[in-house]
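Worksheet for the structure shown next.
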Amino acid sequence: MENGGSPRNQWRFKRNDDLTQASAFTVRGVLNMVMEHLNASDPRPVIPLGNGDPSAFPSFRTTPLAEDAVCAAVLSAKFNGYSSTVGILPARRAVAEYLSEGLTHKLSPDDVFLTIGCTQALQTIVTVLARPSANILLPRPGFPYYEATAGFCHLEVRHFNLVPEKDWEVDLAAVEALADENTVAMVIINPGNPCGNVFKYEHLKKVAETARKLGILVIADEVYSHLTFGGSPFVPMGVFGSIVPVVTVGSISKRWIVPGWRIGWLVTNDPDGILMKQGIVDSIKGYLNITSDPATFIQGALPQILENTPSDFFLKILNTLRESVGIFCDKIKEIPCITCPSKPEGSMFVMMKLNLSLLEDIKDDLDFCCKLATEESVIILPVRLGFLGIVKVLFYQWCSANMLIFASANLTREKLVSLQGSRRIQGLAPSIICY
Ligand SMILES: Cc1ncc(COP(=O)(O)O)c(C=O)c1O
């Protein structure tokens with residue numbers, strides 16, 4: 001090769017197509033796609049109802065106790081070093097105590113692995129389970145990060161539906177029909193994203209019994225744990241750990257409204273030690289050995305945050321969510337082309353169903369979201385986002401919006417535009433949100 005010229009043949013590096021494909025399936029990937037349709041010359045503020053992060057709104061600042069705990073951890077100079085692979089002991093002990101509430105089999109710090117948000121926890125368990133020819137059962141609608149991670153690890157994904165007519169319960173008959181001898185796990189998200197549902201005790205027990213019958217692990221994504229504001233209380237899946245091994249993933253991102261702090265956990269609820277016997281615990285440690293750890297000072301602050309947050313901080317958020325859901329469900333009745341078949345009871349999201357026959361020049365959910373972004377600067381998400389590119393799409397008429405951000409936009413008196421204000425659907429009904 002001449003100095004500064006081209007290499008002799010050609011450059012030998014190129015993009016990783018697996019990565020490009022996996023990232024298109026994430027919330028961020030679809031969010032970016034919808035946001036590309038925003039009209040830059042629209043002077044109105046963008047109403048970002050697409051993701052689960054209300055922290056940008058001053059009314060959703062975390063508790064001062066958490067902020068003080070982080071500052072104290074930094075100033076103590078005790079947490080400047082690397083942490084151990086699984087996380088520092090006081091933080092694991094605090095998580096074990098926090099998650100033991102309501103469990104008959106109490107957790108020990110050895111059951112807890114600290115992770116960089118719930119994201120790394122789910123990445124860890126999905127990667128650990130990905131052996132050649134294995135498959136995993138994922139909920140539809142669900143959280144597309146699971147599809148992305150499984151796809152990247154070459155773990156086959158099979159979808160079972162959540163049933164809208166049954167408060168988004170798992171279609172357990174479908175789970176049984178989908179599973180075979182290569183199925184390793186099923187995922188449930190409770191409280192649900194994007195459906196806003198909360199599974200009842202009896203249903204969770206049936207999930208556990210079905211998984212036991214199939215010989216598979218239950219991965220319980222409880223990142224929205226305790227964010228319930230309807231009739232059904234939050235029941236941790238760990239309650240059923242003696243029926244089937246449960247891996248619970250979670251974080252402080254949502255309940256404390258600090259998704260940027262990046263601290264979460266992977267916890268094994270397994271009184272019979274099945275995960276240990278099957279080598280899963282060793283594999284979890286192995287994966288964490290080759291990845292990075294959550295910042296040590298956040299781990300240092302965790303006991304104080306989990307143990308001493310005043311209950312009125314949580315109550316205020318739940319009240320706001322309850323109020324916001326009420327307003328939303330009332331207003332949406334005024335719009336014939338959008339319905340909200342089940343009132344959300346948990347998480348931060350609400351599902352809306354589009355009546356495409358009443359919408360002019362709207363092909364499907366993605367088209368609706370993109371045009372809403374262009375015309376009204378409102379960002380909501382198409383629900384089939386985990387399945388873009390799959391021809392037969394069941395949920396192509398559904399969109400989801402974040403209720404907490406809706407509430408915070410209201411509380412901060414930001415100008416809220418109407419969700420149905422799109423030129424195409426004007427005239428069908430008055431604005432659904434007009435403050
Ligand atoms: C269902 C679900 N699981 C996991 C996560 C990731 O959580 P974290 O921000 O703690 O990584 C999210 C974030 O929105 C989520 O909705």
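Take 1 as the starting number for the sequence shown in the UniProt record's numbering and just add one per residue. Note that the Cβ used here is the ideal one computed from N, Cα and C, for glycine as well.
Original post:
Whose CA, out of 369, 102, 55 and 375, lies closest to the CA of residue 235?
Top reply: Here residue 235 corresponds to residue number 235 of the sequence shown, with the count starting at 1. Among 369, 102, 55 and 375, the Cα nearest to that of residue 235 belongs to 102.
Original post:
From this set, 302, 217 and 124, which residue's C-alpha is nearest residue 269's C-alpha?
Top reply: Locating residue 269 in the sequence shown gives position 269, counting from the first residue. Nearest C-alpha to residue 269: 217.
**OP:** List the endpoints of the continuous beta strand (DSSP E) containing residue 159.
**Re:** Within the sequence shown, the letter at position 159 stands for residue 159. Here the beta strand (DSSP E) through residue 159 covers 156-163.
Original post:
residue 487 by DSSP, collapsed to three states: which one?
Top reply: Because the chain in this structure spans residues 1 to 435, residue 487 falls outside the shown range and cannot be described.
Original post:
Could you give the distance in angstroms between the alpha-carbon of residue 259 and the alpha-carbon of residue 55?
Top reply: Taking the sequence shown and counting its residues from 1, one reaches residue 259 at position 259. Taking the sequence shown and counting its residues from 1, one reaches residue 55 at position 55. Using only the alpha carbons, I get a separation of about 8 angstroms.
**OP:** Please determine if the stretch 268-286 and the stretch 61-73 are in contact, where contact requires at least 3 C-beta pairs separated by less than 8 angstroms.
**Re:** no
Original post:
Among 248, 229 and 231, which has the Cα closest to the Cα of residue 124?
Top reply: Residue numbering aside, residue 124 sits at position 124 when the sequence shown is read from its first letter. The shortest Cα separation from residue 124 among 248, 229 and 231 belongs to 248.
Subject >> Straight-line Cα distance separating residue 152 from residue 19 >> reply: Residue numbering aside, residue 19 sits at position 19 when the sequence shown is read from its first letter. Residue numbering aside, residue 152 sits at position 152 when the sequence shown is read from its first letter. The alpha-carbon atoms of residue 19 and residue 152 are separated by roughly 7 angstroms.
Original post:
For the candidate residues 375, 181 and 326, whose alpha-carbon lies nearest to that of residue 39?
Top reply: Numbered from its first residue, the sequence shown carries residue 39 at position 39. Among 375, 181 and 326, the Cα nearest to that of residue 39 belongs to 375.
**OP:** Look up residue 139 in the DSSP assignment and give the residues it is bridged to.
**Re:** In the sequence shown, counting from the first residue as 1, residue 139 sits at position 139. For residue 139, which the question treats as bridged, DSSP gives the partners 160.
Original post:
Which value, in whole angstroms, describes the spacing of the CA atoms of residue 210 and residue 370?
Top reply: Within the sequence shown, numbered from 1, the residue matching residue 210 stands at position 210. Within the sequence shown, numbered from 1, the residue matching residue 370 stands at position 370. Between residue 210 and residue 370, the C-alpha separation is close to 39 angstroms.
**OP:** Would you tell me roughly how many angstroms separate the C-alpha atoms of residue 312 and residue 63, rounded to the nearest one?
**Re:** Within the sequence shown, residue 312 is the residue found at index 312, counting from 1. Within the sequence shown, residue 63 is the residue found at index 63, counting from 1. Cα to Cα, residue 312 sits roughly 10 angstroms from residue 63.
Subject >> Backbone secondary structure at residue 383 - three-state DSSP >> reply: To locate residue 383, count along the sequence shown from 1; it is residue 383. Correct three-state label for residue 383: helix.
Subject >> Cα-Cα separation, residue 175 to residue 160 >> reply: Residue 175 sits at position 175 when you count from the first residue of the sequence shown. Residue 160 sits at position 160 when you count from the first residue of the sequence shown. One C-alpha to the other measures close to 6 angstroms.
Original post:
With respect to the alpha helix (DSSP H) encompassing residue 300, which residues constitute its N-terminal and C-terminal limits?
Top reply: Stepping through the sequence shown from its first residue, residue 300 is reached at position 300. Element bounds for residue 300: 296-308.
Original post:
Taking only runs of the beta strand (DSSP E) that begin and end inside the stretch 339-380, which ones reach a length of at least 3 residues, in chain order?
Top reply: 349-354
Original post:
Using 8 angstroms as the threshold, is the stretch 292-300 in touch with the stretch 79-93, meaning 3 or more CB pairs across them?
Top reply: Yes: the two stretches touch, three or more of their Cβ pairs being nearer than 8 angstroms.
**OP:** Mind listing, in chain order, the continuous beta strand (DSSP E) runs of no fewer than 3 residues lying wholly within the stretch 155-231?
**Re:** Annotation note: the stretch 155-231 contains the following uninterrupted beta strand (DSSP E) runs of length 3 or greater, listed N- to C-terminal: 156-163, 183-189 and 217-221.
Original post:
With 16 as the cutoff for other CB atoms within 10 Å, does residue 82 come out buried or exposed?
Top reply: Residue 82 sits at position 82 when you count from the first residue of the sequence shown. Residue 82 should be labelled exposed.
Original post:
Counting pairs of beta carbons, one from the stretch 98-117 and one from the stretch 237-246, are three or more of them closer than 8 angstroms?
Top reply: yes
Subject >> From 401, 398, 378 and 402, residue whose alpha carbon lies closest to that of residue 43 >> reply: Start at 1 with the first residue of the sequence shown, and residue 43 comes out as number 43. Looking at the Cα atoms, 378 is the closest of the given residues.
**OP:** Take the Cβ of residue 400 as the centre, count every other Cβ of all protein chains shown within 10 Å, and call the residue buried at 16 or more, exposed below.
**Re:** By 1-based counting over the sequence shown, the position of residue 400 is 400. Counting Cβ neighbours within 10 Å, residue 400 comes out buried, since at least 16 surround it.
Original post:
When the Cα atoms are used, what is the spatial distance from residue 182 to residue 7?
Top reply: For this step, residue 182 is matched to residue 182 along the sequence shown. For this step, residue 7 is matched to residue 7 along the sequence shown. For residue 182 and residue 7, the distance between alpha carbons rounds to 46 angstroms.
**OP:** Indicate whether residue 91 and residue 304 have their beta-carbon atoms separated by less than 8 angstroms.
**Re:** Position 91 of the sequence shown, counted from the start, is the residue given in the question as residue 91. Position 304 of the sequence shown, counted from the start, is the residue given in the question as residue 304. No, the pair does not count as a contact, with Cβ atoms beyond the cut-off.
Original post:
Any contact of the stretch 356-365 with the stretch 8-16, i.e. 3+ C-beta pairs under 8 angstroms?
Top reply: No, the stretch 356-365 does not touch the stretch 8-16.
Original post:
Going by other Cβ atoms of all chains shown within 10 Å of its Cβ, with 16 needed for buried, is residue 193 buried or exposed?
Top reply: Residue numbering aside, residue 193 sits at position 193 when the sequence shown is read from its first letter. Burial is judged here by how many other beta carbons sit within 10 angstroms of a residue's own beta carbon; residue 193 has at least 16 and is buried.
Subject >> Spatial neighbours of residue 383 in its chain, beta-carbon cut-off 8 angstroms, leaving aside the 5 residues before and after >> reply: Counted from its first residue, the sequence shown places residue 383 at position 383. The beta carbon of residue 383 lies closer than 8 angstroms to those of 141, 194, 351, 365, 395, 398, 399 and 400 in the same chain, with the five residues before and after it left out.
Original post:
Could you give the C-beta distance for residue 265 and residue 113, rounded to a whole number, given that I count them as a contact under 8 angstroms?
Top reply: Translated into the one-based positions of the sequence shown, residue 265 becomes position 265. Translated into the one-based positions of the sequence shown, residue 113 becomes position 113. Yes, residue 265 and residue 113 are in contact; Cβ-Cβ is about 7 angstroms, under 8 angstroms.
Original post:
Beta carbon of residue 139, beta carbon of residue 188: below 8 angstroms?
Top reply: By 1-based counting over the sequence shown, the position of residue 139 is 139. By 1-based counting over the sequence shown, the position of residue 188 is 188. Contact flag set, yes.
**OP:** Measure the C-alpha to C-alpha separation of residue 110 and residue 119 and round it to an integer number of angstroms.
**Re:** On the sequence shown, position 110 is the one that residue 110 refers to. On the sequence shown, position 119 is the one that residue 119 refers to. Taking the straight line from one Cα to the other gives about 20 angstroms.
**OP:** Pull up the DSSP beta-bridge partners for residue 494, would you.
**Re:** Because the chain in this structure spans residues 1 to 435, residue 494 falls outside the shown range and cannot be described.
**OP:** Measure the C-alpha to C-alpha separation of residue 191 and residue 252 and round it to an integer number of angstroms.
**Re:** Position 191 of the sequence shown, counted from the start, is the residue given in the question as residue 191. Position 252 of the sequence shown, counted from the start, is the residue given in the question as residue 252. Looking at the two C-alpha atoms, the distance is approximately 14 angstroms.
Original post:
Quick one: Cα of residue 57 to Cα of residue 173, how far?
Top reply: In the sequence shown, the residue the question calls residue 57 occupies position 57. In the sequence shown, the residue the question calls residue 173 occupies position 173. Looking at the two C-alpha atoms, the distance is approximately 42 angstroms.
**OP:** Verify whether the separation of the beta carbon atoms of residue 130 and residue 150 is less than 8 angstroms.
**Re:** Your numbering for residue 130 matches position 130 in the sequence shown. Your numbering for residue 150 matches position 150 in the sequence shown. A contact, by the Cβ cut-off of 8 angstroms.
Original post:
With burial defined as no fewer than 16 other Cβ atoms inside 10 Å of the residue's Cβ, what is the status of residue 203: buried or exposed?
Top reply: Residue mapping note: residue 203 aligns to position 203 of the sequence shown, counting from 1. Flag for residue 203 reads buried.
Original post:
Count the other CB atoms within 10 Å of the CB of residue 315; is the residue buried (16 or more) or exposed (fewer)?
Top reply: Indexing the sequence shown from 1 puts residue 315 at position 315. Under this definition residue 315 is an exposed residue.
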